[in-house]
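*Asks:* Protein chains in written order, with the numbering used here: chain A, 1157 to 1642; chain B, 12 to 106.
(1) Please check if any C-beta of chain A sits within less than 7 angstroms of the C-beta of residue 61 of chain B.
(2) Please check if any C-beta of chain B sits within less than 7 angstroms of the C-beta of residue 1530 of chain A.
(3) For the structure I just gave you, are there three or more beta carbon pairs, one from the region 1237–1249 of chain A and one from the region 1330–1348 of chain A, closer than 8 angstroms?
(4) Going along the chain, which residues of the region 1245–1276 of chain A sit with their C-beta nearer than 8 angstroms to a C-beta in chain B?
(5) Can you tell me the Cα-Cα spacing of residue 1177 of chain A and residue 1354 of chain A, whole angstroms?
(6) Is residue 1219 of chain A near residue 1277 of chain A, with beta carbons less than 7 angstroms apart?
(7) Please list, in chain order, all residues of the same chain as residue 1445 of chain A whose beta carbon is under 6 angstroms from its beta carbon, the five residues on each side excluded.
(8) In chain order, what residues of the region 33–65 of chain B put their CB closer than 7 angstroms to some CB of chain A?
(9) Residues in the region 1462–1474 of chain A with C-beta within 8 angstroms of chain B's C-beta atoms, listed in sequence order?
(10) What are the boundary residues of the alpha helix (DSSP H) that residue 1272 of chain A is part of?
(11) Run the CB neighbour count on residue 1331 of chain A, radius 10 Å, all protein chains shown included, and call it buried at 16 or more, exposed below.
(12) Across which residues does DSSP place residue 99 of chain B in a beta bridge pair?
(13) I'd like the span of the alpha helix (DSSP H) that includes residue 1448 of chain A, first residue to last.
(14) Measuring straight from C-alpha to C-alpha, what distance separates residue 1379 of chain A and residue 31 of chain B?
(15) Compute the beta-carbon to beta-carbon distance between residue 1229 of chain A and residue 1258 of chain A, rounded to the nearest angstrom, for a pair I have assumed lies under 8 angstroms.
(16) Would you say residue 1384 of chain A lies against chain B (beta-carbon separation less than 7 angstroms)?
(17) Hey, which unbroken runs of the alpha helix (DSSP H) at 4 residues or more fall wholly within the region 1480–1536 of chain A?
(18) Where does residue 1248 of chain A sit, in a helix, a strand or coil, going by DSSP?
(19) For residue 1429 of chain A versus residue 1639 of chain A, is the C-beta distance shorter than 7 angstroms?
(20) List the endpoints of the continuous alpha helix (DSSP H) containing residue 1420 of chain A.
(21) Expressed to the nearest angstrom, what Euclidean distance is found between the alpha-carbon atoms of residue 78 of chain B and residue 1491 of chain A?
(22) Does any residue of chain B bring its CB to less than 7 angstroms from the CB of residue 1571 of chain A?
(23) Using a beta-carbon distance below 7 angstroms, is residue 78 of chain B in contact with chain A?
(24) Do residue 1321 of chain A and residue 1184 of chain A come within 7 angstroms of each other at the CB atom, strictly closer than that value?
(25) For the region 1390–1403 of chain A, enumerate the residues whose C-beta is nearer than 7 angstroms to any C-beta of chain B, in chain order.
(26) At which residue ranges does the region 1169–1223 of chain A contain complete alpha helix (DSSP H) runs of 4 or more residues, listed in the order of the chain?
(27) Counting pairs of beta carbons, one from the region 1352–1366 of chain A and one from the region 41–58 of chain B, are three or more of them closer than 8 angstroms?
(28) Show which residues of chain B have a CB atom less than 7 angstroms away from the CB atom of residue 1516 of chain A.
(29) Which residues in the same chain have their Cβ closer than 6 angstroms to the Cβ of residue 1485 of chain A, if we skip the five residues on either side of it in sequence?
(30) Please report whether the beta-carbon of residue 29 of chain B lies at a distance below 7 angstroms from any beta-carbon of chain A.
(31) For my contact list, residue 1268 of chain A and residue 1222 of chain A are in at a C-beta cut-off of 8 angstroms; report their separation, rounded to the angstrom.
(32) So which residues on chain A does residue 72 of chain B lean against when the C-beta distance must stay under 7 angstroms?
(33) What residue from A:1167, A:1201 and A:1328 has the CA that sits closest to residue 1590 of chain A's CA?
(34) Along chain B, which residues have their Cβ under 9 angstroms away from the Cβ of residue 1495 of chain A?
(35) If you draw a straight line from the alpha carbon of residue 1602 of chain A to that of residue 1619 of chain A, how long is it in whole angstroms?
(36) Go ahead and pull the three-state DSSP assignment for residue 1233 of chain A.
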């Protein structure tokens, strides 16, 4: 059961081979056994989870089940869930118990899924290693000395260690795909606007997008069927007809044109990662895909543009944490301004403070045009590069991350080195395009390598089709970390 | 152009984040490294390029100006660090 796919779990529940309460207990037990070592969860509440599981069992008994009814899913602690403490990895929200459900949580609840717990993450999703969490770093199940990637590193570690069958994440510059790559998982950032941001604590609103993390593309399709959909509470939610993301999984890949951007295979890409990605191209070719050389000439500027746009939006979004309406408030202060200063100095960690300072500076008088407007123009050039590329190919494919997982602490003191982890993932966020990572081999230290697949707007079904066909021909996605083999 | 220590203090004040002298000095170096990275943007000519403020240039929806939320005043106030008589309490602003 610990290694089962969502389809298998759904069938086992429907055939009453196992109850949701038993299944939930199984994963809760595994979580309590492994969480001390991996720190993947910030909050677990067995009673709440089991109550939901019993309700799901009631639905199954009445033949009122949907595909995910009774299936446990862990949620990144950035999604507020009614009655659950929701911290966003920060001291600022260490005492925050949400009075409402995020739209995504509501959808999972309506589908009858069980909330297994809230997963650890970089504070306010700012990081690529899950080391900036106030609740301590998450460890990679493939090697506990290494990071699992970030910011959705708790979700990644929880799925990789089989503590949960699936999880949610959010992706502003790579925060679903990079941890999926570094932890040997499949993860999807949908087209901007497909999954509601309501109740997803905001980092950079024009880039943030929630999505699923799981073992396989098939699991991702089932999860996306629940997560995607219009929400009037999110002003950028897209109004379009509902899609079944499972529908195209079994289509053959003959004639699929995969664009290979030359800029993603140059300096900075580790040889071990490049080798596995090349092998994946060969496998896709065997399945009938054709390689098309393409160029994304401005993608090298995505990191500089991102580190203007994301901090600018963050400095505005995080101004709400002022110690007045919720969250942390400093104990001692002289006056109102002093209360703000102390509350925010105490409540935010170093990386969050740093990004607020960058954002405040680039938005301040005299610098707005040189930084913010300039970055938005480059964002347009990057989006245009993809529009050109998609005239010649169906998917853009390459490495997700330049290296395999690195050691905890290795990049913590050097923000710029840390930021460059996301060099291949950021362009899709800037352009608003859907993108995913799937496991495609193992590199240095027997650590997982991820294959990055970017699709055109709303082409999730096509991407999942390609990923699923690849996963039918390979078994990378079925490998589990040796040390914690179920 | 590197940020001076004075500028770091000014930004921190604009952001309402208290910062000690030692922290300001440590952050100054990191911010300058980051702005060196950001400075690469200036290498590209973007004349005539329309700024892109959102993924996909979405047009924001409008809705009828009607009440959609129910009154949850007590529930929301219960989350506040300090409150009294249905109001959020802050330190005295006017003497």
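Glycine is no exception: its CB is placed at the ideal position from the N, C-alpha and C atoms. No experiment lies behind these values; they were computed from the predicted model shown.
*Replies:* This is what the structure gives:
(1) Sequence index remark: in the second chain, residue 61 of chain B carries index 50 (1-based). With 7 angstroms as the cut-off, residue 61 of chain B counts as an interface residue toward chain A.
(2) Residue numbering aside, residue 1530 of chain A sits at position 374 when the first chain is read from its first letter. Yes, because at least one Cβ of chain B sits closer than 7 angstroms to the Cβ of residue 1530 of chain A.
(3) no
(4) 1252, 1253 and 1255
(5) Position 21 of the first chain, counted from the start, is the residue given in the question as residue 1177 of chain A. Position 198 of the first chain, counted from the start, is the residue given in the question as residue 1354 of chain A. The alpha-carbon atoms of residue 1177 of chain A and residue 1354 of chain A are separated by roughly 29 angstroms.
(6) Residue 1219 of chain A sits at position 63 when you count from the first residue of the first chain. Residue 1277 of chain A sits at position 121 when you count from the first residue of the first chain. No, the Cβ-Cβ distance between residue 1219 of chain A and residue 1277 of chain A is not below 7 angstroms.
(7) Taking the first chain and counting its residues from 1, one reaches residue 1445 of chain A at position 289. Only 1409, 1412 and 1414 meet the Cβ criterion.
(8) 38, 41, 42, 44, 45, 48, 49, 51, 52, 55, 57, 60, 61, 62, 63, 64 and 65
(9) 1463, 1464 and 1471
(10) Mapped onto the first chain, residue 1272 of chain A falls at position 116. Here residue 1272 of chain A belongs to no alpha helix (DSSP H); instead the beta strand (DSSP E) covers 1270–1275.
(11) The residue labelled residue 1331 of chain A in the question sits at position 175 within the first chain. The residue is buried, with at least 16 neighbouring Cβ atoms inside 10 Å.
(12) Within the second chain, residue 99 of chain B is the residue found at index 88, counting from 1. Note: residue 99 of chain B sits in a beta bridge opposite B:94.
(13) As a working mapping, residue 1448 of chain A is identified with position 292 in the first chain. Note, residue 1448 of chain A: premise wrong, no alpha helix (DSSP H); beta strand (DSSP E) at 1446–1450.
(14) On the first chain, position 223 is the one that residue 1379 of chain A refers to. On the second chain, position 20 is the one that residue 31 of chain B refers to. Going by the C-alpha atoms only, they are around 46 angstroms apart.
(15) By one-based count along the first chain, residue 1229 of chain A stands at place 73. By one-based count along the first chain, residue 1258 of chain A stands at place 102. Residue 1229 of chain A to residue 1258 of chain A, Cβ: 13 angstroms. No contact.
(16) To locate residue 1384 of chain A, count along the first chain from 1; it is residue 228. So no, residue 1384 of chain A is outside the interface.
(17) 1492–1503 and 1506–1519
(18) As a first step, residue 1248 of chain A is located in the first chain; it is residue number 92 there, counting from the start. It is helical.
(19) As a working note, residue 1429 of chain A is residue 273 in the first chain. As a working note, residue 1639 of chain A is residue 483 in the first chain. Not closer than 7 angstroms, so no.
(20) Taking the first residue of the first chain as 1, we reach residue 1420 of chain A at position 264. Residue 1420 of chain A -> no alpha helix (DSSP H), and no H or E assigned at all.
(21) Taking the second chain and counting its residues from 1, the one referred to as residue 78 of chain B is at position 67. Taking the first chain and counting its residues from 1, the one referred to as residue 1491 of chain A is at position 335. Near 35 angstroms, if we compare the C-alpha coordinates of residue 1491 of chain A and residue 78 of chain B.
(22) To locate residue 1571 of chain A, count along the first chain from 1; it is residue 415. Yes - at least one Cβ of chain B is within 7 angstroms of the one on residue 1571 of chain A.
(23) In the second chain, counting from the first residue as 1, residue 78 of chain B sits at position 67. Judged by the 7 angstroms Cβ criterion, residue 78 of chain B is not in contact with chain A.
(24) In the first chain, residue 1184 of chain A corresponds to position 28, counting from 1. In the first chain, residue 1321 of chain A corresponds to position 165, counting from 1. Not closer than 7 angstroms, so no.
(25) 1391 and 1392
(26) 1176–1194 and 1202–1217
(27) no
(28) As a first step, residue 1516 of chain A is located in the first chain; it is residue number 360 there, counting from the start. The contacting residues are 22, 25 and 26.
(29) Within the first chain, residue 1485 of chain A is the residue found at index 329, counting from 1. Within the same chain, residue 1485 of chain A has close Cβ partners 1479 and 1499.
(30) As a first step, residue 29 of chain B must be located in the second chain, where it is residue number 18. Output row for residue 29 of chain B: interface = yes.
(31) Translated into the one-based positions of the first chain, residue 1268 of chain A becomes position 112. Translated into the one-based positions of the first chain, residue 1222 of chain A becomes position 66. Sure, about 6 angstroms apart at Cβ, within 8 angstroms.
(32) On the second chain, position 61 is the one that residue 72 of chain B refers to. Result: 1391.
(33) If you number the first chain from 1, residue 1590 of chain A lands on position 434. Closest option to residue 1590 of chain A, Cα to Cα, is A:1328.
(34) Within the first chain, numbered from 1, the residue matching residue 1495 of chain A stands at position 339. Within 9 angstroms Cβ-Cβ: 101 and 102.
(35) As a working mapping, residue 1602 of chain A is identified with position 446 in the first chain. As a working mapping, residue 1619 of chain A is identified with position 463 in the first chain. So the alpha carbons of these two residues sit roughly 27 angstroms apart.
(36) In the first chain, counting from the first residue as 1, residue 1233 of chain A sits at position 77. Of the three classes helix, strand and coil, the one that applies to residue 1233 of chain A here is coil, per DSSP.
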